[in-house]
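Inspection log for the structure reproduced underneath, given as structure tokens.
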Amino acid sequence: MTRKTPQGRSNRPRLPIYLDYQATTPVDPRVLAAMLPYFTEKFGNPGSTSHSFGREAALAVENARGQLAEIIGADPREIVFTSGATESNNLAIKGAANFAHETRRHVITAATEHKCVLESCRALEDQGFRVTYLPVERNGLVDIQRLEDEIGDDTLLVSIMAVNNEIGVIQPLAEIGALCRAHGAYFHCDAAQAIGRIALDVDAMAIDLLSISGHKIYGPKGVGALYVRRRPRVRLAPLLSGGGQERGLRSGTLPTPLCVGIGIAATIAGAEMADEAARLRDLRERLYSGLKERIPDLVVNGDEEHRIAGNLNISFPGIDAEVLMENLGDLAVSTGSACTSASVEPSYVLRAIGLDDTLARASLRFGLGRFTQAAEIDYATQAIADAVERLRLGTAGFPAGERIESR
Amino acid sequence: MPKMVFIERDGTRKEVEAPIGLSVLEIAHRNDIDLEGACEGSLACSTCHVVVEPEWSDMLVEPTDDEEDMLDLAFGLTKTSRLGCQIKMTDELDGLTVRLPTGSRNMMLGD
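Residue numbers (my numbering), protein chains in the order written: chain A, 911 to 1317; chain B, 2 to 112.
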């Protein structure tokens, strides 16, 4: 009796299996249901408060603002809607820098930040700002001592993400916030991957600016938010000129259905966070232990303790992850950030935590989420282990065809 | 009597008498300085926005949330922006210098 093949399982899951929840998440059906009326009968412009259509929309937008504020312990007036976390990060970093700072001309960020943070900082360098790109330790965490050495009275802003999008590690936000506060620097936190995964409190963590994304929290794509602290007031120069919506920080008509969607998505994420994390931790452990049993030399990237439940980034020594993915046609996984995965460069995040190019190229990111099932994990575990074994034996010539024939 | 200085939009410095207890807005109006003050000091507009010279900024009482909210809407806001109606003259502020905003957000930058 040979071992069971994935095809032989009785509880075979629907294929393909989505294991890329850090790239994006599906809209939760409850979120979609809440959004739908605002596309059609409740279509008013939330800025048109002279009639009931507009007021109905404005009420919905303000309700969503409150929902976002609640999940991070903020005041609704501190929430600015944007088109997504990329815009939020741009607005936070460039907006803070462009608001007349004659003495503070230094910005600190980390080497493992998202591209839109790194590129925004790069743009500031062109304007004469000095930017420090902090290295991270092998576990992916910022070295607080190193941050303390670099931060000074000329530091305008420190931008450190809450949860890394590739390796899922959680940065020590409260410690970073306290350091920033002590030096009078703004603390900007890209929390796109953190909302609904970890508890966030802008006061306890001394966060001044915080970026939120809709589609990472089972809400719609095309909407995000930026938290902007009111006391002490954080002032930003807007990126867009226009009608002065969102306290003048983000002109443009608000997309009511998307605002409603991100608001309810945040509320659901907050309410179900603990249960979801426990469930995902079990599933991740199931995936990890299943793989480890068959591939004992695999390496987990990123701190094992300070990480979110739904992420597992693994290096398979001696394997080319691109080839491995080609052998995993039924699995939607990735080698890293969707935003940079078009490039042939190995992940800069993995290199930043000390992986050499070969090992970085041997790494896959598994993202588990709200709709991941145990049967999917079992199928994936077996498929991955089978493929790695085949590749190592050099018998993986036509794996896709082989599998199609056997169906 | 204390004095204060308005730097007008064309750069002209105008030194005026600044009776204790009066607001910068009231002092401006007494001296024909072109500072609007549409809501007459009731924190409902930002038309009396002035830019306090940096060396004076720290000597002022911190702005309230209401003042900050109005400043959010001011044109050409800077780090040391205040509403003229909220700065009350005291002995310590003798020599206070404020600039009428020109509208450029980056006026504090450069030389």
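Note that beta-carbon positions come from the ideal geometry of N, C-alpha and C, so glycine has one too.
Worksheet entry | Three-way DSSP call (helix, strand, coil) for Arg1014 of chain A in this model | Look at Arg1014 of chain A here: in three-state DSSP terms it is coil, with no helix or strand label.
Note to self: For a contact defined as C-beta to C-beta under 7 Å, what are the partners of Glu37 of chain B on chain A?
What the structure shows: Listed along chain A, no residue sits closer than 7 Å to Glu37 of chain B by beta-carbon distance, the nearest being about 18 Å off.
ask   = What did DSSP end up calling Asp930 of chain A once you bin it into helix, strand or coil?
value = Looking at Asp930 of chain A - three-state DSSP - the assignment turns out to be strand.
**Asked** By how many angstroms is the C-alpha of Leu1190 of chain A removed from the C-alpha of Asp1266 of chain A?
**Response** So the two alpha carbons sit approximately 30 Å from each other.
If you drop the 5 nearest sequence neighbours on each side, which residues of the same chain put their C-beta closer than 7 Å to that of Lys4 of chain B?
Only Glu16, Val17, Glu18, Ala19, Asp95, Gly96 meet the Cβ criterion.
Short of 7 Å Cβ to Cβ, which residues in the region 67-99 of chain B face chain A? Cβ contacts with chain A: Glu69, Asp73, Leu74, Leu78, Thr79, Lys80.
Is it the case that the Cβ atoms of Tyr1137 of chain A and Leu1120 of chain A are separated by a distance below 7 Å? If you check the CB distance, Tyr1137 of chain A and Leu1120 of chain A come in under 7 Å.
Range of the contiguous beta strand (DSSP E) that encloses Ala1135 of chain A: The continuous beta strand (DSSP E) containing Ala1135 of chain A extends over residues 1134-1138.
Does the region 991-1000 of chain A come close enough to the region 1120-1133 of chain A that 3 or more CB-CB pairs lie under 8 Å? In this structure the region 1120-1133 of chain A lies against the region 991-1000 of chain A, because at least three pairs of beta carbons, one per stretch, are closer than 8 Å.
Residue range of the alpha helix (DSSP H) that includes Phe963 of chain A: For Phe963 of chain A, the uninterrupted alpha helix (DSSP H) segment begins and ends at 962-982.
Practice item. Evaluate Thr1065 of chain A with the Cβ neighbour count: other Cβ atoms within 10 Å of its Cβ, from every protein chain shown; 16 or more gives buried, anything less gives exposed. Key: The residue in question, Thr1065 of chain A, is buried, as its Cβ has 16 or more Cβ neighbours within 10 Å.
Using DSSP bridges, identify the partner residues of His50 of chain B. As a beta-bridge residue in DSSP terms, His50 of chain B pairs with B:Leu84.
- Query: In chain order, what residues of the same chain have a beta carbon less than 7 Å from the beta carbon of Asp1213 of chain A, not counting five sequence neighbours either side?
  - Reply: For Asp1213 of chain A, where only same-chain residues beyond five positions count, the Cβ hits under 7 Å are Asn1049, Gly1050, Leu1051, Val1079.
| task | Please state if the CB of Ser82 of chain B and the CB of Val62 of chain B are separated by a distance shorter than 7 Å. | result | In this structure, Val62 of chain B lies away from Ser82 of chain B, with their beta-carbon atoms at least 7 Å apart.
- prompt: Span of the alpha helix (DSSP H) holding Gly1180 of chain A?
  reply: Here the alpha helix (DSSP H) through Gly1180 of chain A covers 1166-1204.
- Query: Which residues, in chain order, does the region 1155-1172 of chain A contribute to contact with chain B at a C-beta distance below 9 Å?
  - Reply: Answer set for the region 1155-1172 of chain A: Arg1157, Gly1158, Leu1159.
- Query: Per DSSP, which one or two residues make a beta bridge with Leu1222 of chain A?
  - Reply: Note: Leu1222 of chain A sits in a beta bridge opposite A:Phe1276.
For this session: Using only alpha-carbon positions, find the residue among A:Ile1077, A:Arg987, A:His1098 that is nearest to Gly1005 of chain A.
Result: Of A:Ile1077, A:Arg987, A:His1098, the residue nearest in Cα terms is A:His1098.
Worksheet item: Within 6 Å: the Cβ of Gly12 of chain B and any heavy atom of the ligand SAH?
Response: Of the ligands one can find in the structure shown there are none, so the ligand SAH has no counterpart to examine.
- Task: Taking Ala1179 of chain A and Gly1106 of chain A to be in contact with their CB atoms under 8 Å, please state how far apart those CB atoms are, rounded to whole angstroms.
- Result: Ala1179 of chain A to Gly1106 of chain A, Cβ: 3 Å. Contact.
Please state if the CB of Thr934 of chain A and the CB of Ala1259 of chain A are separated by a distance shorter than 7 Å.
-> Correcting the residue type first, residue 1259 of chain A is Val in the shown sequence and not Ala. Contact: no.
Closer than 7 Å by C-beta to Leu26 of chain B: which residues in its own chain qualify, once you throw out the five before and the five after it? Chain order, please. Leu36, Gly38, Gly42, Cys49, Gly85, Cys86, listed in sequence order.
Next on the checklist: Could you check whether the Cβ of Arg1139 of chain A sits closer than 7 Å to any Cβ belonging to chain B?
Outcome noted: No, no contact with chain B.
Exercise for the section: Using a Cβ cut-off of 7 Å (strictly closer), state whether Met5 of chain B contacts chain A. Expected result: No Cβ of chain A is located within less than 7 Å of the beta carbon of Met5 of chain B.
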